Every structure is written in structure tokens, then in C-alpha cells.
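*Asks:* Below are the C-alpha cells for one structure; questions will follow.
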Amino acid sequence: MSILKAKVVGLSYHRIVNPVELEDYLILREDIDNEFDSDAISIFNGDQELVGNIANSDKTLSVNNIKNGNLSASRLKSELNFDNREYYGKAVGVHSSCIYLEIDSENWAYINKPVEDVPEVIFKRVIDLETDTTLSNDVGALKEEVQHLKAIVAELQKVVVDLKSMRMGGK
Numbered sequence: 140m141s142i143l144k145a146k147v148v149g150l151s152y153h154r155i156v157n158p159v160e161l162e163d164y165l166i167l168r169e170d171i172d173n174e175f176d177s178d179a180i181s182i183f184n185g186d187q188e189l190v191g192n193i194a195n196s197d198k199t200l201s202v203n204n205i206k207n208g209n210l211s212a213s214r215l216k217s218e219l220n221f222d223n224r225e226y227y228g229k230a231v232g233v234h235s236s237c238i239y240l241e242i243d244s245e246n247w248a249y250i251n252k253p254v255e256d257v258p259e260v261i262f263k264r265v266i267d268l269e270t271d272t273t274l275s276n277d278v279g280a281l282k283e284e285v286q287h288l289k290a291i292v293a294e295l296q297k298v299v300v301d302l303k304s305m306r307m308g309g310k
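This is the structure we're talking about:
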């Protein structure tokens, strides 16, 4: 486990409903579509509001920031694996112009859960549908099965949200 430091900038460009407070957990996601910075890392609050980005230039990350251990977005991306992952950072300094984060390299979650982690019961239901010839002839039964699977997916999504909330300290 390693604790990394970073500075969040660009706060004035984003209007958020729930301002960041000291010790809030924020979500760090790679922003591959950012037109200004190919190494951009976007920061979101617990309500999925875009708060800002990790500093990544001489204009936003001063020599003193670097001396204090803050990493640029480019450097952070070399330290952390952002492939299908989001990381959580704790706000240790909150100012009107920037936020300072501490990021635990082991505090992350998948953005899209890998297929091998989906419960076996869902795969079993799909296989049952594919092999059950009586269902394939009954459109009503198929629609009912689809609704049942949608309900399972909705429940799984609720579990994921709850787990992320718990992991972020209830924020």
C-alpha cells in the first residue's frame, strides 16, 4: 500500500450541488476524451458531480506543490493502473481554488465489473433460456424472463452503489 498525494484544480469551471468538505472521499477517473490533456484525471464527488481535474502543468502544479509530494496527473497515471478502475482519494485540504488529496493505491474499484465476477446464477438463467425449447416458442414467457433478469440486474446495481458508498466511508 502506498499513499499518493495530488492537487485538484479547475474547481471554478464546474458547478456542483454538494461542495467538497475536509475528509470527503472523491473519485478519480482517467479522462481519455479530454481535449486539453491526454493524461487528464477527472475528480468526482460521491454524487458523481465533476469537481475538477488533477493538476498536470507548471501553471497548476508549482515547485512547492511537487516538493510537498503532490504528483502530476501524468505521474499519477504511471503510479496507478487506471484500466477499468477508479480510485478514491481523501480530501486533506479544501480551498476555494484547489483541493489536496491523499490516494491509497489499494483503494479502488472496477468501473465496469469484469464478466467473470458476475454471479453464476445469471449465467445459469441465460443458459436455461437458450436450451429450453418450450420457452423459445412462448413469447410471453420470454418477456417475463427478461423482466426477471432486469430485476436481478437492478438489484445488483443497487448492491454496487451500496458497496461503493460503504467503501467511500458513507459519503
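Going by the working numbering, the first residue of the sequence shown is number 140, and it counts up by one from there. All C-beta atoms in this analysis are idealised placements derived from N, C-alpha and C, irrespective of residue type, glycine included. For clarity, every value in this text was computed on a predicted model and none was experimentally measured.
1) Using three-state DSSP, classify residue 165 as helix, strand or coil.
2) Classify residue 290 as helix, strand or coil using the three-state DSSP reduction.
3) Does the structure place the stretch 192-209 close enough to the stretch 140-152 that three or more beta carbon pairs sit under 8 Å?
4) Rounded to whole angstroms, what's the CA-CA distance from residue 299 to residue 292? Just pull it up for me.
5) Using three-state DSSP, classify residue 210 as helix, strand or coil.
6) Put residue 301 into one of helix, strand or coil per three-state DSSP.
7) With C-beta atoms as the reference, is residue 211 less than 9 Å away from residue 200?
8) Could you check how far apart the C-beta atoms of residue 232 and residue 239 are, in whole angstroms? I think they sit under 8 Å.
9) Does the beta carbon of residue 229 sit closer than 9 Å to a beta carbon anywhere in chain C?
10) Return helix, strand or coil for residue 156, following the three-state DSSP convention.
*Replies:* Let me spell this out:
1) In the three-state scheme derived from DSSP, where H, G and I count as helix and E and B as strand, residue 165 is classed as strand.
2) Three-state DSSP puts residue 290 in a helix.
3) Contact holds: three or more Cβ-Cβ distances are below 8 Å.
4) Between the alpha carbons of residue 299 and residue 292 lies a distance of about 10 Å.
5) In the structure shown, residue 210 sits in a strand (DSSP, three-state: E or B).
6) Judged by DSSP in its simplified three-state form, residue 301 adopts helix.
7) Yes. Within cutoff.
8) Their Cβ separation, rounded to whole angstroms, is 3 Å, which keeps residue 232 and residue 239 in contact under 8 Å.
9) Included in the structure is just one protein chain, with no chain C present.
10) Of the three classes helix, strand and coil, the one that applies to residue 156 here is coil, per DSSP.
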